[in-house]
């Protein structure tokens, strides 16, 4: 794909920075309205009023642009989850985990296409993913790990090895994710308000009962 | 889309039946190799050696063809799950539920694109879905409901109303599905063999401990 002649400014070029931001907003708009498969260089370039080559020059390729949009979605999700955690700080473990889960359900429902893009967008195997992407993901799982830390005090493994506590956090996150996903897709039948939350509570309730029995 | 002149035989026409089968095999081949988004009328028609219009005449549209392929995948998944259930019949509840989960993980891993097509393919809202699609889904959830029936004996609700047992089966299925999906996508970090199963066991173990404590 040829680059437009004006599309190679220095990294601190204010024009380049403004274009980067505008392209990101255009991509987010398309994702929110139509999903990440609607993000094409030609469309975002047209929305921003730049050359198609500029998209590639600034974001390397369309995957890079979608990845940048997904990073913003992960950051927004993190804000929502941390706010829920803070509001539930004085409550018991089940209520604290449910506060995170309910916030997750709410975010996924309110920003369904952006949320789907984070999970459905697949990068080529050798794609240079910025470390911040893994950090943000790690941070979300860390929210769950922090909550269950008291109930799983013996879970610290060797350096570099995953601990039972990390497995538990992934298990709970994935369980919640699966319940939200199949509810939003209505893949198991029609969605009823509250049913998804009831299903997640069924899991969380028993896990918390088990953990607090095992470790306290 | 114009129909080919020869593409309107009577429903019991052996030519039509053979074409229907061949188109289905072609669609399954494409789904297995490239995913359900690769199924286009032109490609399957070319693979089978029929007119493009025949695809629409036999399957209504591409959604109808993908739906037919997904029904076959659901049936194959059902066979695998029922075999796992039968093999674990003499074991305890946790082992029986884990046998179903492990069979599910195995099917999803071995037939990843076909499995994804069942969950990722979305039909238009007013699409006439054959009742067998819902029956097959219901049947899969029914496998879990049957296993937990003894542990949730008080769960029968009013006619037409979902019971706590049905909610529990959906919760467990969705939790397993979420753990498999995020493991196969490696969305939470690199996949390790056995880790996905360990995560599912964490959920199943605590749920079974809770159910058997509550109800026995």
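Residue numbers (the working numbering), protein chains in the order written: chain A, 58 to 273; chain B, 58 to 273. Where a beta carbon is used, it is the ideal one built from N, C-alpha and C, also for glycine.
Can you tell which of the options has its C-alpha closest to the C-alpha of residue i?
| i | options | result |
| --- | --- | --- |
| residue 102(B) | 92(B), 90(B), 93(B) and 84(B) | 84(B) |
| residue 204(A) | 259(A), 168(A), 191(A) and 143(A) | 143(A) |
| residue 234(B) | 222(B), 160(B) and 270(B) | 160(B) |
| residue 185(A) | 91(A), 121(A), 105(A) and 98(A) | 121(A) |
| residue 72(A) | 168(A), 98(A) and 107(A) | 107(A) |
| residue 157(A) | 140(A), 171(A), 168(A) and 270(A) | 140(A) |
| residue 222(B) | 206(B), 230(B) and 231(B) | 206(B) |
| residue 130(B) | 80(B), 94(B) and 170(B) | 170(B) |
| residue 278(B) | 226(B), 243(B), 252(B) and 191(B) | Since the first residue of chain B shown is 58 and the last is 273, residue 278(B) is not available in this structure. |
| residue 225(A) | 154(A), 180(A) and 238(A) | 154(A) |
| residue 178(A) | 253(A), 265(A) and 126(A) | 126(A) |
| residue 172(A) | 196(A), 195(A), 148(A) and 91(A) | 91(A) |
| residue 165(A) | 96(A), 182(A), 265(A) and 240(A) | 240(A) |
| residue 105(A) | 119(A), 75(A) and 117(A) | 75(A) |
Return the CA-CA distance between residue i and residue j, expressed in angstroms with no decimal places.
| i | j | result |
| --- | --- | --- |
| residue 115(A) | residue 268(A) | 48 Å |
| residue 255(A) | residue 152(A) | 13 Å |
| residue 199(B) | residue 263(B) | 21 Å |
| residue 188(A) | residue 162(A) | 26 Å |
| residue 111(B) | residue 228(B) | 42 Å |
| residue 209(A) | residue 258(B) | 16 Å |
| residue 242(A) | residue 167(A) | 14 Å |
| residue 124(A) | residue 175(A) | 8 Å |
| residue 98(A) | residue 87(B) | 27 Å |
| residue 135(B) | residue 128(B) | 10 Å |
| residue 180(B) | residue 93(B) | 12 Å |
| residue 44(B) | residue 137(B) | Residue 44(B) falls outside the range modelled here, since chain B spans only 58 to 273, and no answer is possible. |
| residue 70(B) | residue 82(A) | 55 Å |
| residue 260(A) | residue 95(A) | 36 Å |
| residue 250(A) | residue 237(A) | 12 Å |
| residue 77(A) | residue 266(A) | 49 Å |
| residue 89(B) | residue 79(B) | 15 Å |
| residue 220(B) | residue 252(A) | 11 Å |
| residue 231(A) | residue 202(B) | 21 Å |
Quick check on the DSSP output: the alpha helix (DSSP H) that includes residue i runs from which residue to which?
| i | result |
| --- | --- |
| residue 130(B) | 119-144 |
| residue 148(A) | Taken as a continuous stretch (DSSP letters only), residue 148(A) belongs to no alpha helix (DSSP H), as it is neither H nor E. |
| residue 226(B) | 221-242 |
| residue 187(B) | Note, residue 187(B): premise wrong, no alpha helix (DSSP H); not H, not E. |
| residue 209(B) | Segment: none, residue 209(B) is in no alpha helix (DSSP H) and carries neither H nor E. |
| residue 110(A) | 109-116 |
Note down, in chain order, every chain D residue with its Cβ under 9 Å from the Cβ of residue i.
| i | result |
| --- | --- |
| residue 176(A) | In the structure shown, chain D cannot be found, because the protein chains are A and B. |
Three-state secondary structure (DSSP) at residue i?
| i | result |
| --- | --- |
| residue 250(A) | coil |
| residue 262(A) | helix |
| residue 100(A) | helix |
| residue 80(A) | helix |
| residue 179(B) | coil |
| residue 163(A) | helix |
| residue 106(B) | coil |
| residue 93(B) | helix |
| residue 70(A) | coil |
| residue 256(B) | helix |
Contact list for the region 227-241 of chain A against chain B, Cβ threshold 9 Å: 227, 228, 229, 230, 231, 232, 233, 234, 235, 236, 237, 238, 239 and 240
Proximal residues, the region 255-266 of chain A versus chain B, C-beta separation under 9 Å: 255, 256, 257, 258, 259, 260, 262, 263, 264, 265 and 266
Contact list for the region 151-176 of chain A against chain B, Cβ threshold 7 Å: 176
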